[in-house]
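Chains as they are written, first to last, in our numbering: chain F, 4 to 369; chain X, 4 to 369. To start, the structure under review is shown below, and the notes come after it.
There are 2 protein chains.
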Amino acid sequence: MIDTPSSVSVPLKRGRDYAIRYTSLRDLPGILHDVGLRTGKCVVVTDENVGAQYRSPVRTALSSAGWIPHVITVPPGEKSKSADQLQVLYDDILEWGIDRDTPVIALGGGVVGDLAGYAAATLLRGVPVVQCPTSLIAHVDSALGGKTGINHATGKNLIGAFHQPNVVVADLDTLGTLPQREWTSGMAEVIKHAVIADADLFSFIEEHLVDVMTGRRRDLIHKMIPRAAKVKAEIVAEDEKESGRRAILNFGHTFAHAIESVAGYGTFTHGEAVAIGMRAALFLSAQRNTQAIPRENIDYVLRAIPQQHDPSELDWQDVRRAMQSDKKNKGDVVRFVLLDRLGQAYVTGDISDAALRQAWDFATRP
Amino acid sequence: MIDTPSSVSVPLKRGRDYAIRYTSLRDLPGILHDVGLRTGKCVVVTDENVGAQYRSPVRTALSSAGWIPHVITVPPGEKSKSADQLQVLYDDILEWGIDRDTPVIALGGGVVGDLAGYAAATLLRGVPVVQCPTSLIAHVDSALGGKTGINHATGKNLIGAFHQPNVVVADLDTLGTLPQREWTSGMAEVIKHAVIADADLFSFIEEHLVDVMTGRRRDLIHKMIPRAAKVKAEIVAEDEKESGRRAILNFGHTFAHAIESVAGYGTFTHGEAVAIGMRAALFLSAQRNTQAIPRENIDYVLRAIPQQHDPSELDWQDVRRAMQSDKKNKGDVVRFVLLDRLGQAYVTGDISDAALRQAWDFATRP
Ligand SMILES: NC(=O)c1ccc[n+]([C@@H]2O[C@H](COP(=O)([O-])OP(=O)(O)OC[C@H]3O[C@@H](n4cnc5c(N)ncnc54)[C@H](O)[C@@H]3O)[C@@H](O)[C@H]2O)c1
Ligand SMILES: NC(=O)c1ccc[n+]([C@@H]2O[C@H](COP(=O)([O-])OP(=O)(O)OC[C@H]3O[C@@H](n4cnc5c(N)ncnc54)[C@H](O)[C@@H]3O)[C@@H](O)[C@H]2O)c1
Numbered sequence: 004m005i006d007t008p009s010s011v012s013v014p015l016k017r018g019r020d021y022a023i024r025y026t027s028l029r030d031l032p033g034i035l036h037d038v039g040l041r042t043g044k045c046v047v048v049t050d051e052n053v054g055a056q057y058r059s060p061v062r063t064a065l066s067s068a069g070w071i072p073h074v075i076t077v078p079p080g081e082k083s084k085s086a087d088q089l090q091v092l093y094d095d096i097l098e099w100g101i102d103r104d105t106p107v108i109a110l111g112g113g114v115v116g117d118l119a120g121y122a123a124a125t126l127l128r129g130v131p132v133v134q135c136p137t138s139l140i141a142h143v144d145s146a147l148g149g150k151t152g153i154n155h156a157t158g159k160n161l162i163g164a165f166h167q168p169n170v171v172v173a174d175l176d177t178l179g180t181l182p183q184r185e186w187t188s189g190m191a192e193v194i195k196h197a198v199i200a201d202a203d204l205f206s207f208i209e210e211h212l213v214d215v216m217t218g219r220r221r222d223l224i225h226k227m228i229p230r231a232a233k234v235k236a237e238i239v240a241e242d243e244k245e246s247g248r249r250a251i252l253n254f255g256h257t258f259a260h261a262i263e264s265v266a267g268y269g270t271f272t273h274g275e276a277v278a279i280g281m282r283a284a285l286f287l288s289a290q291r292n293t294q295a296i297p298r299e300n301i302d303y304v305l306r307a308i309p310q311q312h313d314p315s316e317l318d319w320q321d322v323r324r325a326m327q328s329d330k331k332n333k334g335d336v337v338r339f340v341l342l343d344r345l346g347q348a349y350v351t352g353d354i355s356d357a358a359l360r361q362a363w364d365f366a367t368r369p
Numbered sequence: 004m005i006d007t008p009s010s011v012s013v014p015l016k017r018g019r020d021y022a023i024r025y026t027s028l029r030d031l032p033g034i035l036h037d038v039g040l041r042t043g044k045c046v047v048v049t050d051e052n053v054g055a056q057y058r059s060p061v062r063t064a065l066s067s068a069g070w071i072p073h074v075i076t077v078p079p080g081e082k083s084k085s086a087d088q089l090q091v092l093y094d095d096i097l098e099w100g101i102d103r104d105t106p107v108i109a110l111g112g113g114v115v116g117d118l119a120g121y122a123a124a125t126l127l128r129g130v131p132v133v134q135c136p137t138s139l140i141a142h143v144d145s146a147l148g149g150k151t152g153i154n155h156a157t158g159k160n161l162i163g164a165f166h167q168p169n170v171v172v173a174d175l176d177t178l179g180t181l182p183q184r185e186w187t188s189g190m191a192e193v194i195k196h197a198v199i200a201d202a203d204l205f206s207f208i209e210e211h212l213v214d215v216m217t218g219r220r221r222d223l224i225h226k227m228i229p230r231a232a233k234v235k236a237e238i239v240a241e242d243e244k245e246s247g248r249r250a251i252l253n254f255g256h257t258f259a260h261a262i263e264s265v266a267g268y269g270t271f272t273h274g275e276a277v278a279i280g281m282r283a284a285l286f287l288s289a290q291r292n293t294q295a296i297p298r299e300n301i302d303y304v305l306r307a308i309p310q311q312h313d314p315s316e317l318d319w320q321d322v323r324r325a326m327q328s329d330k331k332n333k334g335d336v337v338r339f340v341l342l343d344r345l346g347q348a349y350v351t352g353d354i355s356d357a358a359l360r361q362a363w364d365f366a367t368r369p
């Protein structure tokens, strides 16, 4: 059903369209040239895990093509999305010296993408950024759409900016070194994209469930990821600043954020929490629309995301309260994304406490 | 020649037009309502000097209208445009709690406007900002155009974002408490706007030179400031992100930045340095265009900006080198704004070292 494209385009207003180019990182210099970046200095930001694997081929490719790369390696993990780490980048980059045309190349997962993207958004009021995703989440989600930012003591992603990349260079072979738990976490977002906007992609995942969950079949991955990326790209194109339709990307996320916060960040991976949240949203959707929604098929796929912790041990009242204080709410109403049918989602604020409680029970049973 | 408008509009693309409303700060709540901001929480950022005068009437006006204002007062002066002060704002604002519709009201000069504007640009990826300028520079320059940001150890304004205000509430009577040296510094920017884009405004200044330099005649000020603000608004409207025409606002600034940096920041006020820089640019313009440019008239007005230090004591080679490293340069070419004639400017990179040296000598003689 699915072809492997070499490029997916992200159409934006005012000539800021960009492409996701599926190719080897070795082709980075050629692509920088294609998008009009002229050789000179460039900054590469990566983390220790990704850097150990890909820093040196990327540096070599850039240098050979006449670039002067400055590579900065940050510690891996969510902790690097901090004001302190951001300041380290600012100091390093500004002391090295850049001008408004110097690109920042983000080589890594969502943490590196968000941090380096935000630095690029704010250095000299914005320099070009090139996203080179290496985790599954980055390939299908965080590297696309221009959201960048860091965390604050009071919550995740509270400081940030929209800053679209000039191009996304997606080397799917980097996924070969991604740890299994990171892969499965990313699969939650892939499934989410299928469920909210691409019924064919869902069938593909369903058909190859074991193979895509382990991530071992290169041919399947090369079909699945560009397709999942396209869902995100299309939604972002319609609603760049998240004033409307983009909100459907939060399918499962109202519950997920609450779960992560109540359990303590890091207990559940984001993907594990999103999988539980999607099960809850699925239940609510099916309750309203019994005919249209193949609840058991979707739930079967969602339960394929392995859970390392038992969510039923969390206190429902705590989860309920945490949902109430989510920053995405407008005023007091908690907003949920539900399905009309497989492949089509909408936002609503109109859900009873009793229904939420039932959804929670459904979502937390094995 | 000039009328006093009650409002100047800043037309921007995609429905983000905003107005500069000339009125009392007491009318702030009504204006917030006019631009569609709904009462609820709001953050007011000010500095100690401005806060001492205007914090309490503003707070009272907001509270009476049903707003819940949270007032944050930062120390006065350029030092507050720092990462540390920014973090203080983030912590304070996020602990207090805001949502994406909570406006930040910047009540002060350019320092408060740039700092609070940047916080608003980056909190929750952007919340509304209302600029309430209280210094002359803020009225005619910094509160308009959406540039926000902070300084870095390696240079001024190196970290920032474009973030247009929802509205500018300009109470000209706040200028009554502005110290004289701040007034004269702002006059340099007023004169700059006249010289690059509004020959009538220049004639007005020339005619009332002593009165406008002291800032004491309310009737004149109420005519002059909206007119000077309009120059900036129109240029920004044409080129919001500074890719072209907006560069002419840097008239005098290539030299000025070099002077400030070589003398050590704070030795010359920005306005003093700009006045010297404009004299240099005037010289270069007249050299190319002897007929079109009334050099002596313009120079007479520029020399009315009092200088507290003798710029001829600076070493020319140091100034030359500092110009070379200005962040506004494209590659190696130093860019200057020159005049075609009074009221019309253009950008060029094509100036010989000998000419620069002559311009410097002209600009630094009393
Ligand atoms: N900006 C957005 O729109 C958006 C969307 C979704 C998530 N996010 C953010 O993304 C982050 C999560 O992304 P993530 O899961 O990629 O986190 P991550 O960047 O921390 O990567 C996860 C782990 O995998 C390692 N890794 C990544 N690629 C690797 C590779 N090819 N080989 C070996 N190890 C590799 C990393 O070093 C890290 O330890 C969160 O901070 C989240 O807020 C942002
Ligand atoms: N964003 C832009 O486009 C832009 C343009 C020009 C300048 N700037 C920035 O603006 C800053 C300079 O602006 P500024 O001169 O207004 O600086 P400022 O905000 O420090 O104000 C100067 C002094 O006047 C005091 N003050 C201001 N209004 C007052 C009032 N009504 N009564 C009594 N005291 C008052 C302040 O407390 C301060 O001590 C610089 O940081 C510069 O980089 C920004």
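Glycine is no exception: its CB is placed at the ideal position from the N, C-alpha and C atoms. Because the structure is a prediction, the values reported are computed rather than measured.
Chain-order list of chain X residues neighbouring I194 (chain F): empty, with the shortest C-beta distance near 26 Å, by a criterion of under 7 Å.
Proximity to L118 (chain F) across F:L345, F:I208, F:V91, F:N52 peaks at F:V91, based on C-alpha coordinates. Sorting F:W363, F:P32, F:A202, F:P314 by C-alpha distance to the C-alpha of A266 (chain F) places F:P314 at the top. Residue burial is scored here from C-beta neighbours: I71 (chain F) has fewer than 16 other C-beta atoms within 10 angstroms and is therefore classed as exposed. If you draw a straight line from the Cα of F207 (chain X) to the Cα of M227 (chain X), it is about 8 Å long.
I75 (chain X) and V46 (chain X) have their alpha carbons spaced roughly 7 Å apart. When Cβ-Cβ separations below 9 Å define contact, Y93 (chain F) makes contact with chain X. In this chain, the beta strand (DSSP E) harbouring T49 (chain X) covers 44-50. Under the three-state reduction of DSSP output, L31 (chain X) falls in the helix class. Around E98 (chain F), the beta-carbon contacts reaching into chain X at under 7 Å are T157. Taking 8 Å as the upper bound for CB-CB distance, T42 (chain X) and G69 (chain X) are in contact here, some 4 Å apart. One alpha carbon belongs to V193 (chain X), the other to N160 (chain F), and they sit about 40 Å apart.
Distances between the C-beta of P79 (chain F) and the heavy atoms of ligand 1 include at least one below 8 Å. For S66 (chain F), the three-state secondary structure derived from DSSP is helix. Between Q56 (chain X) and the set X:P229, X:T137, X:D95, the nearest pair of CA atoms involves X:T137.
Under the three-state reduction of DSSP output, A240 (chain F) falls in the helix class. Beta-bridge partners assigned by DSSP to P72 (chain X): X:C45. Chain X places a beta carbon closer than 9 Å to that of A124 (chain F), counting this residue as a contact. Flagged as an interface residue toward chain F: Q90 (chain X), by a C-beta distance shorter than 9 Å. Where Y93 (chain X) is concerned, there is no enclosing beta strand (DSSP E), although the alpha helix (DSSP H) around it starts and stops at 86-99. In the displayed model, G274 (chain X) falls within a helix according to three-state DSSP.
Taking a beta-carbon distance threshold of 9 Å, F339 (chain X) does not count as an interface residue toward chain F. Within the chosen limit of 8 Å, ligand 2 reaches the beta carbon of T137 (chain X) through at least one heavy atom.
At least one heavy atom of ligand 1 falls within 8 Å of the beta-carbon of K84 (chain F). Here S264 (chain F) has A325 as same chain residues with Cβ atoms under 7 Å from its own Cβ, once five neighbours each way along the sequence are excluded. Ranked by Cα distance from A86 (chain F), the first of X:T125, X:V350, X:L178 is X:T125. Here the alpha carbons of A278 (chain F) and T272 (chain X) stand approximately 58 Å from one another. Under the Cβ criterion (8 Å, minimum of three pairs), the stretch 291-309 of chain F counts as touching the stretch 336-352 of chain F.
D174 (chain F) counts as buried, since at least 16 other C-beta atoms from the protein chains shown sit within 10 angstroms of its C-beta. Taking a 10 Å sphere around the C-beta of K233 (chain X), we find 16 or more other C-beta atoms and assign the residue as buried.
Closest by C-alpha distance to A362 (chain F), out of F:T270, F:Q294, F:G255, F:Q327, is F:G255.
Taking 8 Å as the Cβ-Cβ cut-off, the stretch 137-152 of chain F approaches chain X at K150, G152, given in chain order.
Where G120 (chain X) is concerned, the enclosing alpha helix (DSSP H) starts and stops at 113-125.
Chain order gives no chain X residues near G247 (chain F), where near means a beta carbon separation below 8 Å; the closest approach is about 13 Å. Between G148 (chain X) and I251 (chain X), the alpha-carbon positions lie close to 14 Å from each other. If you compare the alpha carbons of F:E237, F:D176, F:F165, F:L89 with that of A197 (chain F), the shortest gap goes to F:E237.
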